[in-house]
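Input: a single structure, listed below in structure tokens.
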Amino acid sequence: MTDTVANETTIEAPGPKPPGTRRGTGDPATRGRTTIADGVVAKIAGMAARDVVGVHAMGSGLARTFGAVRDRVPGGSKSAARGVKAEVGEVQTALDLEIVVEYGVSIGEVSRTVRENVISAVERMTGLEVVEVNINVGDVKLPDDEDEDERPPLQ
Numbered sequence: 001m002t003d004t005v006a007n008e009t010t011i012e013a014p015g016p017k018p019p020g021t022r023r024g025t026g027d028p029a030t031r032g033r034t035t036i037a038d039g040v041v042a043k044i045a046g047m048a049a050r051d052v053v054g055v056h057a058m059g060s061g062l063a064r065t066f067g068a069v070r071d072r073v074p075g076g077s078k079s080a081a082r083g084v085k086a087e088v089g090e091v092q093t094a095l096d097l098e099i100v101v102e103y104g105v106s107i108g109e110v111s112r113t114v115r116e117n118v119i120s121a122v123e124r125m126t127g128l129e130v131v132e133v134n135i136n137v138g139d140v141k142l143p144d145d146e147d148e149d150e151r152p153p154l155q
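So the sequence shown is numbered by full-length UniProt numbering: it starts at 1 and just counts up by one.
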């Protein structure tokens, strides 16, 4: 006599699986899609550009002025993406940076170092290919210029 059980379900207990056994098929890295927002790439690029000696600030004069006011507002914070515009595609990105350099530095050398630093940081952190980094030097910080950050708070 044989016993039969109808509708039997086997539940596999958690734990190590025998070698060669795995759920799903294909490389796990290909199971899904990652999208990176333009703002994320802009923040990475902004931080990398600010790390370069000779870069005084990022952004145009108007953007820096509004940024200085926003920084003084309770709850406001400095924008890491100020002065950076990123266009992100599926596998590539292009960046436009507006910088202010310190007086006395070689603008060509600072630009080259910013470009190298930005490309390295963005490609390392995002995996995107940086196809271009356009740099606009919008101002030079003279030794006797007052900084937006050094001005007394607005009343």
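For glycine and all other residues, C-beta sits at the position ideal for the given N, C-alpha and C. Keep in mind it's a predicted model, so treat the numbers as computed, not measured.
- For the segment 74 to 140, the continuous alpha helix (DSSP H) assignments of 4+ residues that do not extend past its boundaries occur at 107 to 126, in sequence order.
- For Val40, the enclosing alpha helix (DSSP H) starts and ends at 38 to 50.
- Annotation for Val53: no beta strand (DSSP E) segment contains it, and DSSP assigns it neither H nor E.
- Setting aside the 5 residues that flank it on each side, Val130 is surrounded in the same chain by Gln92, Thr93, Ala94, Leu95, Val118, Ile119, Val122, Glu123, each with a C-beta closer than 8 Å to its C-beta; the list follows chain order.
- Burial of Ile135 is indicated by the presence of at least 16 other C-beta atoms within 10 angstroms of its C-beta.
- Setting aside the 5 residues that flank it on each side, Val140 is surrounded in the same chain by Val101, Tyr103, each with a C-beta closer than 6 Å to its C-beta; the list follows chain order.
- Sequence-distant Cβ neighbours of His56 in its own chain, meaning closer than 7 Å and more than five residues away, are Val100, Val101, Glu102, Lys141.
- Here Glu98 is actually not in contact with Asp38; their C-beta atoms are around 16 Å apart, not less than 8 Å.
- Looking at the backbone, the Cα of Val137 and that of Asp27 are separated by about 45 Å.
- Scanning Asp145, Leu128, Val133 for the CA closest to the CA of Thr35 turns up Leu128.
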